[in-house]
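Notes to accompany the following structure.
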Ligand code: ATP
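In the UniProt record's numbering, the protein residues as written are 138 to 406.
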């Protein structure tokens, strides 16, 4: 139980090319950050400090976890992943000891990336956060993030949908050095994400010819929803004993996705 969070997670072979909808500026910033992290000594010579912590924030399903994985892969780092809610414990000291144990394990397997999703559950504003136990856990996280040289070759990546909820002490430079917004994709981004999720799938001509329209009409869809759209369409094709996704499969999948989201309607392209 104590160490259940502290296991390295095998990484899928993922690169920045598997993530659609990132702006050119963001890609450039991420590549620059990676270059610094890969050559910390050389960067130090010209007075650039390697970042210790990165925050990814934005709506659900936009690729924050994918991005953390791609960064870890690029750095050849061991990937430790946990959800912020796994540290919110009723028992005194358990949250803090889990935080400590996570960092201790990562220090044994450097280079390492520690990824904490839903970090607001762990690093929410102290006043709003409630309770001494939550405060103790957050304090332990701050202590671990301030680990100095013991954190060399460890990159901390946190993700949240609620940046506004985070404690200022957590966001301080040296703990979190960069924040990246990972927004819902625009039309061009959705087109890129569609291209990623049709890789390896056979599409009928009446689907291929609709992909531009699909990107235009799916305003408000996240990457996760676009991915699920093509998974649902694939399952529909299989159910109908076809190896090619037809327009009817895509229409079915669109209906399902839109029904699953009460606030959504398809836009006219
Ligand atoms: P949450 O905030 O809910 O944790 P997230 O931002 O971390 O979500 P991911 O877990 O990275 O989102 O995305 C879930 C899945 O959706 C991915 O595994 C991928 O299949 C698809 N996906 C999401 N965003 C993108 C994207 N930008 N490009 C390609 N695929 C995407």
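Where a beta carbon is used, it is the ideal one built from N, C-alpha and C, also for glycine.
query	result
At what residues does the alpha helix (DSSP H) containing residue 397 begin and finish?	384 to 397
Is there at least one non-hydrogen atom of ligand 1 closer than 7 Å to the beta-carbon of residue 322?	yes
Kindly provide the ranges of any alpha helix (DSSP H) runs that are 4 or more residues long and lie completely inside the region 202 to 286, ordered along the chain.	231 to 245, 257 to 260, 263 to 266, 269 to 282
Should the region 351 to 358 be regarded as contacting the region 320 to 333, the criterion being three or more beta carbon pairs within less than 8 Å?	yes
Could you give the first and the last residue of the continuous beta strand (DSSP E) run that contains residue 315?	315 to 318
Within the present structure, is the beta-carbon of residue 310 separated from the nearest heavy atom of ligand 1 by less than 7 Å?	no
So does residue 296 have its beta carbon nearer than 7 Å to some heavy atom of ligand 1?	yes
Quick check: what's the CA-CA separation for residue 140 versus residue 347?	In this predicted model, residue 140 has a pLDDT of only 46, less than 50, meaning its place in the structure is not dependable enough to derive any value.
Beta-carbon within less than 6 Å of residue 211's beta-carbon, same chain only, minus the 5 sequence neighbours each way: which residues are those?	171
Where does residue 135 land, buried or exposed, given buried means 16+ other C-beta within 10 angstroms?	With the chain running from 138 to 406 in the structure shown, residue 135 is simply not present.
Can you tell me whether residue 159 is helix, strand or coil according to DSSP?	coil
Less than 8 Å between the beta carbons of residue 296 and residue 193, yes or no?	yes
Does the beta-carbon of residue 325, which I'm using as the reference point, lie nearer than 7 Å to any heavy atom of ligand 1?	no
When the Cα atoms are used, what is the spatial distance from residue 177 to residue 259?	29 Å
Apply the 10 Å Cβ neighbour rule to residue 334 and answer buried if 16 or more other Cβ atoms are within range, or exposed otherwise.	buried
With DSSP as the reference, label residue 184 as helix, strand or coil.	coil
Per the contact definition of three or more C-beta pairs closer than 8 Å, is the region 249 to 256 in contact with the region 283 to 299?	yes
What does the Cβ neighbour count give for residue 160, buried or exposed, with the cut at 16 atoms within 10 Å?	exposed
Could you please give me the residues that DSSP links to residue 190 through a beta bridge?	293
For a quick check, are the C-beta atoms of residue 383 and residue 374 less than 8 Å apart?	yes
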